[in-house]
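Counting from 129, one number per residue, gives the positions in the sequence shown under my numbering.
Let me begin by presenting the structure, written as structure tokens, before commenting on it.
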Amino acid sequence: MLGVCLGHQGIALGAQARVVPAPEPKHGHLSRIRHGGRGLFRGLPQDFTAVRYHSLCVAEPLPLGLQGIAWSEDGVLMGVRHRARPLWGVQFHPESVLTGYGHRMLSNFRDLTIEHANGESVTSTVAPASAEEPRRTRTAAEPAAGPSSAPGSPQPPEADPRAELARLDPEEGAPAPSSPEGPAYRLHARWLADATDTEAAFTRLYAKAPHAFWLDSSRAESGEARFSFLGDGTGPLAEFVRYDTDTGVCEVERAGRPAVRVEGGVFDYLERELARRRVTAPGLPFDFTGGYVGYFGYELKADCGAPGRHRSATPDACWLFADRFVAVDHQEGVTYICCLTEDTPEGHREAKDWLDTTVTVLSGVPTLTGPAPRPPALTTTAAVEPWLVRDRERYLASIEACLRELRAGASYEICLTNAAWLPAPSDSYAFYRALRRSNPAPYAAYLRFGGTDVACASPERFLRITPDGTAEAKPIKGTAPRGTGPEQDARALAALASSPKARAENLMIVDLLRNDLGRVCAPGSVYVPRLMNTETYATVHQLVSTVRGRLRQETSAVDCVRACFPGGSMTGAPKLRTLELIDSLETEARGVYSGALGYLSCNGAADLNIVIRTAVFTSGRMHIGAGGAIVLDSDPAEEYEEMLLKTAATMRAYEAVEPVPDAEPAGEIDDLLVAAATAPPAPAAKEPGR
């Protein structure tokens, strides 16, 4: 048996050793490890780097049954072996992305188990390691198994998708075989040789629709978000799905029919419906072939094995099946008009009529000319405070409670959040148009879903899953405000990149996401092509990493989302215990905030963001959530200011639309929170023309 961290301490306790508070807790800390060079550490260099996550440690001297075999530079015991039994323990984490030689150590453990089973010495199959082993193998290793084309390898030239579409009869559409169960489906597509202005297109086509979406790459120049998608719920196959964890029932609305209640969780429902409507479209450059667009709210964690304590004022999941949509390729300057139908003559006629009409409308919409000017930054952090659910005193007390839990070893990192509730502005769409100017983001979105509107300017990808099963997460952890001038801005960026606190935050979430993806990906396929890159946005600099893996053959995109939800950058680590702590520290539901928003496609693909930098409109109120990761090095006052900074970045759009009203007394805000949490969901508006 090999015990890691808590397992190491358990082996020691079982042999009558003492486990005591460490001289200094270490969470996401890199240490140099010295060792005896035999057994578990055979062939490893002295002073290799290992990552530590612990507040407790095994005390020396050890009882006679145990032998110390490794130590850190500060003298803390890092490894033990049992003298009479095949038991080994290490306090550090060999599986961490920044631990050197973890694979070699596990190979040694494999050899030791064979040696014990055979009762004879087995020579290690691992060659002695060099202290000069390239760092790249530890931080950005290619997967041992997985995608055949790894980052950096030569790629075959991509076919021009417009040439592919040009070979198709526009009345017949793209060849798109669907599931053999039930009717076959076909995706029809046209293209325009210009990138339509997506704001103008949404305003012309969907601004008045009761159910509409705009997945908006408003910062497409970052190279991370190439396509925008927009549509509504007026197509013949459209349906709207609403789900609450309390009831465990999906409420499904379809055109011209009464709502249907379907027993079972929303993950199971979406999985089943996507499998029934399986459609591919090899002639298109994007992965969305029609499917569900919407969000999973944070409280859906209760359906993912986590505790559920608070009730959200909004549905825990809302998804619109989009059978008609417009896609804009910001990189190539092309607009696509797409329509999913049953593969019948009637379906083909309906598609042709809709495509003809939509092409005509879009031909009169301006083409994309560049980003609009940003409104002035008016909102200050002081303007945020009157609207907070937990004021400065209570939020600082929550941070101190987090620090106590961290020092006790209950968690390594706790993502604590707060919220502001304001009277909603008169027009949520006008608010979003201002938000995308003041805070452009690669994973922005606007949703209008009956009684719930969402205006999102997220810079963070939760998961992208390609049709061939490659999964990618892009966690953001580590934030610094922009400087007031070029020199100050450069200093702020450099300070963030070298900050031990920010790097520890990011490392812990990267390791957590590697574990989450490892639950559903092929063994050896999870790797980290980019670790702690700096990215700059309108108001902040951030540390961003990328984690990739290849899903096991029997695993779907919905399975992957369920295994990884909620996103680790909004929870902390270890996930389940930290979720319990968050529920005890936060006084209300997060709702849509901290969840995931995007699409689940009929070809098995998915692309979801982390819902941050977001305003949610419901029952005449506007909710803005914000927070940050609390770690051992956190300064409570700085964490409070970071939360205010993030809230102010979203509130700025309010002032661009209309004056922010005077703040209400705290007691009235509390009453409104209770009313919002207990009010029944607003009835969905009927959709015209369906």
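Glycine included, every Cβ here is placed at the ideal spot set by N, Cα and C.
In this structure, Arg437 and Asp374 do not form a Cβ contact; the two beta carbons are roughly 12 Å apart against a cut-off of 8 Å. When DSSP states are grouped into helix, strand and coil, His458 belongs to the coil group. Looking from the CA of Gly203, the closest CA among Gln219, Asn737, His210 belongs to Gln219. Judged by beta-carbon spacing, Ala245 lies beyond the 8 Å limit of Val186, meaning their Cβ atoms are not closer than that value. Judged by DSSP secondary structure, Arg522 falls within the alpha helix (DSSP H) whose first and last residues are 520-536.
Look at Ala178 here: in three-state DSSP terms it is strand. No residue range can be given for Phe693, since it is assigned to no beta strand (DSSP E) and is classified by DSSP as neither H nor E. Within the stretch 374-426, the runs of beta strand (DSSP E) at least 3 residues long that lie entirely inside it are, in chain order, 377-382, 388-391, 419-424.
With 16 or more other CB atoms across the displayed protein chains lying within 10 angstroms of its CB, Ile527 is buried. In this structure, Ala599 places its C-beta atom within 8 Å of the C-beta atom of Cys649. Beta-bridge partners assigned by DSSP to Phe357: Leu343, Ala455. Exclusion of the five residues before and after Phe745 leaves Ala552, Ser556, Asp581 as the residues of its chain whose Cβ lies within less than 6 Å of its Cβ. For Arg370, no alpha helix (DSSP H) run applies; the uninterrupted beta strand (DSSP E) run containing it begins and ends at 367-372, by DSSP.
When the beta-carbon positions are compared, Gly696 and Pro603 come within less than 8 Å of each other. In the DSSP assignment, Ser712 falls within the unbroken alpha helix (DSSP H) covering 703-713. With distances taken between CA atoms, Gln195 lies nearest to Ala212 out of Glu769, Tyr721, Ala212, Glu379. The C-beta separation of Trp216 from Ala573 comes to about 49 Å, leaving the pair out of contact by the 8 Å criterion. For Glu600, the enclosing beta strand (DSSP E) covers residues 598-602. When DSSP states are grouped into helix, strand and coil, Ile637 belongs to the helix group. The straight-line gap separating the alpha-carbon atoms of Ala383 and Leu563 is approximately 32 Å.
Under the 8 Å Cβ criterion, the stretch 314-323 counts as touching the stretch 450-465, having at least three qualifying pairs. One thing to note: Arg180 has its Cβ no nearer than 8 Å to the Cβ of Asn236.
Per DSSP, Lys429 is not a residue of any beta strand (DSSP E), being assigned neither H nor E. Bounds of the alpha helix (DSSP H) holding Trp482 are 473-491.
Pro149: member of the beta strand (DSSP E) spanning 147-163, first to last residue.
Beta-bridge annotation (DSSP): Ser729 is paired with Gly419. If you check the CB distance, His669 and Leu621 come in under 8 Å.
Under the three-state reduction of DSSP, Ser556 is assigned to helix. About 7 Å separates the Cβ atoms of Pro153 and Leu534, confirming a contact at the 8 Å cut-off.
Under DSSP, Gly131 takes part in a beta bridge, and its partners are Gly217. For Gln681, the three-state secondary structure derived from DSSP is coil. In the DSSP assignment, Met750 forms a beta bridge with Leu550, Phe745.
Taken through DSSP and simplified to helix, strand or coil, Thr442 comes out as coil.
Counting along the chain, no beta strand (DSSP E) covers Ile242; the unbroken alpha helix (DSSP H) around it starts and ends at 230-246.
Where Gln616 is concerned, there is no enclosing beta strand (DSSP E), although the alpha helix (DSSP H) around it starts and stops at 614-626. Taken through DSSP and simplified to helix, strand or coil, Leu333 comes out as helix.
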